[in-house]
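In the UniProt record's numbering, the protein residues as written are 1 to 220.
In structure tokens, the structure reads:
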């Protein structure tokens with residue numbers, strides 16, 4: 001497959017996932033930040049960002065190339081710096097919880113730590129992109145990478161293409177404008193419900209809201 005075909009395939013994947021997220025936002029009136037569509041979106045966006053990335057931009061010895069790239073950009077671009085700070089906070093909380101579970105954390109440090117996030121394996125895998133998306137930073141960082149692509153990318157990279165790079169940046173604007181809800185129970189993170197189940201939950205919730213409305217309550 002040629003480089004042009006690869007770029008077009010990557011863009012098609014992003015368009016598909018963007019459509020899924022936007023449709024979910026319309027049909028359910030919300031998007032769960034641990035929706036399967038969000039994780040799929042994170043995966044295809046990550047593939048685009050890593051496509052044609054220069055080795056020195058990702059760090060020669062870094063296993064997490066995405067993290068290395070964002071940290072490098074964070075030294076020059078405030079939104080990326082904000083993302084790095086947010087992810088580091090989450091990682092510290094996760095580490096604290098791990099040590100707490102191992103019985104190595106004092107009660108004082110437990111009190112000082114913020115409410116622990118319930119993160120699934122997929123959420124941890126896509127921690128950087130997912131956080132950038134829910135914090136409305138992803139489109140800004142992506143546009144910065146496109147506008148400064150020669151510093152970070154090889155010539156054949158998607159983000160370095162003057163047309164495809166701008167298309168990708170524009171595709172991320174819609175998803176980054178949405179509000180993402182958090183789970184109400186920890187079980188949701190480990191068993192991602194189907195779309196039908198979520199729709200059914202929403203209908204049940206709406207029904208309860210209607211029953212509890214003041215107009216339908218019996219007079220005292």
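All C-beta atoms in this analysis are idealised placements derived from N, C-alpha and C, irrespective of residue type, glycine included.
Around the beta carbon of residue 10, a 10 Å sphere encloses 16 or more other beta carbons of the protein chains shown; the residue is thus reported as buried.
A Cβ-Cβ contact shorter than 8 Å links residue 17 with residue 40. Close CB contacts of residue 52 within its chain, under the 7 Å cut and outside five residues either way in sequence, are with 153, 154, 156, 157, 158, 160 (chain order).
Assignment of alpha helix (DSSP H) within the stretch 127-158, counting only whole runs of 4 or more residues, yields 127-134, 138-147, 149-152 in chain order.
The Cβ atoms of residue 25 and residue 178 sit closer than 8 Å to each other. In summary, residue 88 is exposed, with fewer than 16 beta-carbon neighbours lying within 10 Å of its beta-carbon over all protein chains present. Residue 27 and residue 140 have their alpha carbons spaced roughly 27 Å apart.
Under DSSP, residue 32 shares a beta bridge with 181. If you draw a 10 Å sphere on the C-beta of residue 164, you find 16 or more other C-beta atoms in it, and that means buried. Distance from the Cα of residue 35 is smallest, within the candidate group 45, 70, 20, for 20. By the Cβ neighbour-count rule, residue 71 is buried, with 16 or more other Cβ atoms within 10 Å of its own.
Taking 8 Å as the cut-off, the beta carbon of residue 137 is found closer than this to the beta carbon of residue 82. Close CB contacts of residue 182 within its chain, under the 7 Å cut and outside five residues either way in sequence, are with 33 (chain order). In the DSSP assignment, residue 69 is bridged to no other residue. One thing to note: residue 14 has its Cβ within 8 Å of the Cβ of residue 45. In the three-state reduction of the DSSP assignment, residue 171 falls in the helix class, which pools H, G and I. For residue 64, no alpha helix (DSSP H) encloses it, and the DSSP letter there is neither H nor E. In this structure, the beta-carbon distance from residue 122 to residue 94 does not fall below 8 Å.
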